[in-house]
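In what follows, a single structure is set out as structure tokens and then discussed.
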Amino acid sequence: MSMQTGRNSISRRRFLAGSTAVAGALAMPRIAGAQAAAVRIGLIHPVSGFVAYNGQQGRLGAVMAIDEVNQAGGIRALGGAKLEALLGDSQSKVEVGVSEVEKMNEAGVAAYVGCFQSPVGIAATQAAAKYGTPFVIDVGASDALVSRGLTNVFRLKPGFGRCVDDAIATLGELNKAAGSPAKSVVLVHESGEFGTGTAKLLAGKLPSIGLEAKELIAHDNPTRNFDNVALKIRALRADIVMMSNYQNEYVLLAKTLLQQKVNVAAMFSVLGGGFNYKFVREQPDVAEFMLDHNHWFNPKSTKAQALKKAVEAKGGLFTFEVYLAYNAVMLIADALERAGSADKAKLTAALAASTWTPEIMPYGPTRFVNGQNQGGQGATLQALKGDIEVVRPEAFASAAAVFPRPKA
Amino acid sequence: MLSPDILLAGTINGLLTGAIYVLVAVGLTLIYGVLHIINFAHGSLLMLAMYAAFFLWRSTGIDPYLALPLVAAGGFALGYVLYRCVIGRLSRGKDENILLVTLGLAIVIENAALFFFGGDTRTVEVSWAAETVEVGPAFLPLAKLVSFAAALALCAALGLYIARSDTGKAIRAVARERQGARLVGIDVEATFAISYGIGIACLGAAACLLIPSFYVAPTSGHAFVLVAFTIVVLGGMGSFLGALVGGFVVGVTESLGGLLLGESLGQIGIPLIFILILLLRPAGLFGSRA
Numbered sequence: 001m002s003m004q005t006g007r008n009s010i011s012r013r014r015f016l017a018g019s020t021a022v023a024g025a026l027a028m029p030r031i032a033g034a035q036a037a038a039v040r041i042g043l044i045h046p047v048s049g050f051v052a053y054n055g056q057q058g059r060l061g062a063v064m065a066i067d068e069v070n071q072a073g074g075i076r077a078l079g080g081a082k083l084e085a086l087l088g089d090s091q092s093k094v095e096v097g098v099s100e101v102e103k104m105n106e107a108g109v110a111a112y113v114g115c116f117q118s119p120v121g122i123a124a125t126q127a128a129a130k131y132g133t134p135f136v137i138d139v140g141a142s143d144a145l146v147s148r149g150l151t152n153v154f155r156l157k158p159g160f161g162r163c164v165d166d167a168i169a170t171l172g173e174l175n176k177a178a179g180s181p182a183k184s185v186v187l188v189h190e191s192g193e194f195g196t197g198t199a200k201l202l203a204g205k206l207p208s209i210g211l212e213a214k215e216l217i218a219h220d221n222p223t224r225n226f227d228n229v230a231l232k233i234r235a236l237r238a239d240i241v242m243m244s245n246y247q248n249e250y251v252l253l254a255k256t257l258l259q260q261k262v263n264v265a266a267m268f269s270v271l272g273g274g275f276n277y278k279f280v281r282e283q284p285d286v287a288e289f290m291l292d293h294n295h296w297f298n299p300k301s302t303k304a305q306a307l308k309k310a311v312e313a314k315g316g317l318f319t320f321e322v323y324l325a326y327n328a329v330m331l332i333a334d335a336l337e338r339a340g341s342a343d344k345a346k347l348t349a350a351l352a353a354s355t356w357t358p359e360i361m362p363y364g365p366t367r368f369v370n371g372q373n374q375g376g377q378g379a380t381l382q383a384l385k386g387d388i389e390v391v392r393p394e395a396f397a398s399a400a401a402v403f404p405r406p407k408a
Numbered sequence: 001m002l003s004p005d006i007l008l009a010g011t012i013n014g015l016l017t018g019a020i021y022v023l024v025a026v027g028l029t030l031i032y033g034v035l036h037i038i039n040f041a042h043g044s045l046l047m048l049a050m051y052a053a054f055f056l057w058r059s060t061g062i063d064p065y066l067a068l069p070l071v072a073a074g075g076f077a078l079g080y081v082l083y084r085c086v087i088g089r090l091s092r093g094k095d096e097n098i099l100l101v102t103l104g105l106a107i108v109i110e111n112a113a114l115f116f117f118g119g120d121t122r123t124v125e126v127s128w129a130a131e132t133v134e135v136g137p138a139f140l141p142l143a144k145l146v147s148f149a150a151a152l153a154l155c156a157a158l159g160l161y162i163a164r165s166d167t168g169k170a171i172r173a174v175a176r177e178r179q180g181a182r183l184v185g186i187d188v189e190a191t192f193a194i195s196y197g198i199g200i201a202c203l204g205a206a207a208c209l210l211i212p213s214f215y216v217a218p219t220s221g222h223a224f225v226l227v228a229f230t231i232v233v234l235g236g237m238g239s240f241l242g243a244l245v246g247g248f249v250v251g252v253t254e255s256l257g258g259l260l261l262g263e264s265l266g267q268i269g270i271p272l273i274f275i276l277i278l279l280l281r282p283a284g285l286f287g288s289r290a
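Given below as structure tokens:
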């Protein structure tokens, strides 16, 4: 039976066959396009400027985490949606960090990770708050990051308040166990938010462990010469030097103190920017016996060791920026799975309710209070024979602490 | 109140640090004296020279002091080529264009260093770098003592070269009167390129003397370039003697300022000198002799 007769007529069978083929062809792109839309994560780090190395390390860790999530099939709750990294460079400048937030907002990011420097983080999180976009701080020591009532800000690692408390407790314990040879401290810090805030907190808490803060010495970034700081420390006859500064000044100060024969019971840093494998391996004589309370991976975690190997295979160093940024992305991935949506409000709620455990860190399950994770802790480290050992907390320790350091 | 011992040690430290500043400023003042422009790429080129000294040490084990002639010669060649191929051509004979070209060069060099070398801090570890010489209350780093002697020698050698050699005479002639120099047969463009090359060669020498006691990263030049500008203004633009005296004055001011006012506030001495000189003696201490 024909629908129509004549030369141009089409039989019902031919019509059905043809329409099926057309429908099939039209459906093809739809099936191909059924792949869930990628979830964009904005990574804002100072990959240029005076802390470029730290920023590049942070970016490395975050990108590795994104690759790992994607290779494992993406976000399952979103139909296997891939994570897509939007790379931003704050250039170590506050205003540039804020403009990166704006640009990435235009590009439709679901969440941000950043910013290494506290001042940049403070401004960038404020900018992200306007759009209700969650912002996970990977590195940023200032507690002002999470104490302004912004509900979109989350920090997995402990801030300098917690780190200072833990460091002070450890220092007091080490000094007491050695018969209290140290009585006084000089604090040398960079003059920004991180260094000044940490040094002031430390100075306020030192009397609680029987140590007197003799002087706080601030320096700029960059500083060309620490000879006079060494002179001052020698004149003050301090027993301990505590340092809070970024990589270049940290290393230069440590070298100068050794060169200027400043004999102290300990050089102890809190969140020391330069205390890493590179420093300890390249300058073992300078680093030997230096103590640092910092973010550190769990040396007993096989996943952490595997990640360390993967980073080293790329020619990089497994510094704290790498694994803190890695964890920040993994935290967002976990929240996306639980939210089942990339909607900003739902993702923020999922982050706030997170009970994720960062396996590679010496942390318990996540519990955010006003955006600050209560389950995180740092570790006290010591440079010993060209390597970095964990000396506290005891549960993760890989060596016994040497305190006071042997006299040169 | 600080003891006289500390102040004495601080003054000596300031002189030693000032010597490093002299080395950086000498090239800058030469370039200004002849080309009449401030070389904004000076800090970036210093950084590049420091990388050269670092990579030579790392790949061949050659001590930075022994690498000095090589890096200085490389600096001369780079400076000459940069002037001939980039600065001279793009400036089209206008001094204000040269300013912009050197600023552009600085941005390109710094970002290229970041791209190729990464943001990581590199240091040269040589056994003698940690050695000190005890002089009264001060422990003087051997590396800085060598830099001090080298700064004096370099200024003397450069002064003699400019005063006695034919090229030096041509440089002085071009610095005084370009048109006149051209009329008596001096190749002005070549003299510009040679002057720029010598300026960068000085940076090469400074880099080799600096790297054992400092570090190199893509932004390392920033730490010295503002100080070098201040020294050139203080000593008188184009004056070697001015750069020498200015470097030591700035070094001691910075050192004593740091001791008396604190490391951060003590830095105020450098911009203060800059402003005072501009107000009271715009030509600088030795500017009239330049």
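Taken in sequence, the protein lines are chains A and B. For reference, each letter of the first sequence is one residue, going 1 to 408 in this note's numbering. For reference, each letter of the second sequence is one residue, going 1 to 290 in this note's numbering. Glycine included, every Cβ here is placed at the ideal spot set by N, Cα and C. These numbers come from a predicted model, not from an experiment.
For residue i, the nearest candidate out of the options (CA to CA)
{"i": "B:N39", "options": "B:V232, B:G246, B:G185, B:K169", "result": "B:V232"}
{"i": "B:H36", "options": "B:L241, B:A175, B:L272, B:G180", "result": "B:A175"}
{"i": "B:D63", "options": "B:K169, B:V24, B:S127", "result": "B:S127"}
{"i": "A:F396", "options": "A:P299, A:R281, A:Y277", "result": "A:P299"}
{"i": "B:Y215", "options": "A:L252, A:E100, A:S208", "result": "A:L252"}
{"i": "A:G197", "options": "A:G161, A:T302, A:A178", "result": "A:G161"}
{"i": "A:E212", "options": "A:P222, A:A333, A:V186, A:F226", "result": "A:V186"}
{"i": "B:A41", "options": "B:S91, B:L100, B:L7", "result": "B:L100"}
{"i": "A:Q413", "options": "A:V264, A:Y323, A:H293", "result": "Outside the modelled stretch of chain A, which goes from 1 to 408, sits residue 413 of chain A, for which no answer is possible."}
{"i": "B:G266", "options": "B:G10, B:S3, B:C85, B:D5", "result": "B:G10"}
{"i": "A:P284", "options": "A:H219, A:T151, A:K385", "result": "A:K385"}
{"i": "A:A218", "options": "A:E106, A:C115, A:E249", "result": "A:E249"}
{"i": "B:G93", "options": "B:M50, B:Q179, B:I162", "result": "B:Q179"}
{"i": "A:A107", "options": "A:G179, A:E84, A:A379, A:G204", "result": "A:E84"}
{"i": "B:E177", "options": "B:F192, B:S165, B:L66", "result": "B:F192"}
{"i": "A:V69", "options": "A:A333, A:V96, A:G316, A:R367", "result": "A:A333"}
{"i": "A:A313", "options": "A:G179, A:A128, A:G272, A:L60", "result": "A:L60"}
Whole-angstrom C-beta distance between residue j and residue i, which should lie under 8 angstroms
{"i": "A:V146", "j": "A:G132", "result": "Wrong, their Cβ atoms sit about 17 angstroms apart, outside the cutoff."}
{"i": "A:A62", "j": "A:L43", "result": "5 angstroms"}
{"i": "A:N228", "j": "B:L259", "result": "5 angstroms"}
{"i": "A:D239", "j": "A:K176", "result": "Wrong, their Cβ atoms sit about 14 angstroms apart, outside the cutoff."}
{"i": "B:G217", "j": "B:T121", "result": "Here residue 217 of chain B is Ala; the residue named in the question, Gly, does not match the sequence. So it is a contact: roughly 5 angstroms between Cβ atoms."}
{"i": "A:G376", "j": "A:L156", "result": "6 angstroms"}
{"i": "B:V124", "j": "B:I211", "result": "5 angstroms"}
{"i": "A:F116", "j": "A:N54", "result": "5 angstroms"}
Own chain, CB closer than 6 angstroms to residue i, minus 5 neighbours either side, in chain order
{"i": "A:A350", "result": "A335, R338, A339"}
{"i": "A:V286", "result": "A254, K255, L258"}
{"i": "B:F248", "result": "L15, G18"}
{"i": "B:G257", "result": "G266, G269"}
{"i": "A:F289", "result": "V402, R405"}
Backbone CA spacing between residue i and residue j [nearest angstrom]
{"i": "B:L105", "j": "B:Y196", "result": "14 angstroms"}
{"i": "B:T102", "j": "B:I87", "result": "7 angstroms"}
{"i": "A:K261", "j": "B:Y32", "result": "41 angstroms"}
{"i": "B:L7", "j": "A:G149", "result": "49 angstroms"}
{"i": "A:Y363", "j": "A:I168", "result": "19 angstroms"}
{"i": "A:A38", "j": "B:D95", "result": "52 angstroms"}
{"i": "A:A328", "j": "A:M243", "result": "27 angstroms"}
{"i": "B:V184", "j": "B:A170", "result": "10 angstroms"}
{"i": "B:Y337", "j": "B:T167", "result": "Residue 337 of chain B is absent from the structure shown; chain B starts at 1 and stops at 290."}
{"i": "A:P222", "j": "B:S220", "result": "8 angstroms"}
{"i": "B:L68", "j": "A:D89", "result": "36 angstroms"}
{"i": "A:T348", "j": "B:E110", "result": "39 angstroms"}
{"i": "A:R392", "j": "B:Y51", "result": "38 angstroms"}
{"i": "A:E389", "j": "A:A230", "result": "27 angstroms"}
Cross-strand partners of residue i (DSSP beta bridge)
{"i": "A:T380", "result": "A:H293, A:R392"}
{"i": "B:Y80", "result": "None; B:Y80 has no bridge partner."}
{"i": "B:A19", "result": "DSSP output for B:A19 lists no bridge partner at all."}
{"i": "A:Y112", "result": "A:G42, A:F135"}
Residues near residue i by beta carbon distance below 7 angstroms, same chain, minus five either side
{"i": "B:V26", "result": "L154, C155, L158, C202, F240, A243"}
{"i": "B:I182", "result": "In the sequence as presented, Ile is not what sits at residue 182 of chain B; that position holds Arg. For B:R182, where only same-chain residues beyond five positions count, the Cβ hits under 7 angstroms are V188."}
{"i": "A:G80", "result": "A36, G73, G74"}
{"i": "A:D220", "result": "S191"}
8 angstroms CB neighbourhood of residue i in its chain, flanking five on each side removed
{"i": "A:A52", "result": "P46, S92"}
{"i": "A:A27", "result": "Reliability of the predicted coordinates at A:A27 is poor, the pLDDT of 47 falling under 50, and the value obtained from them is presented with this limitation in mind. There are no such residues."}
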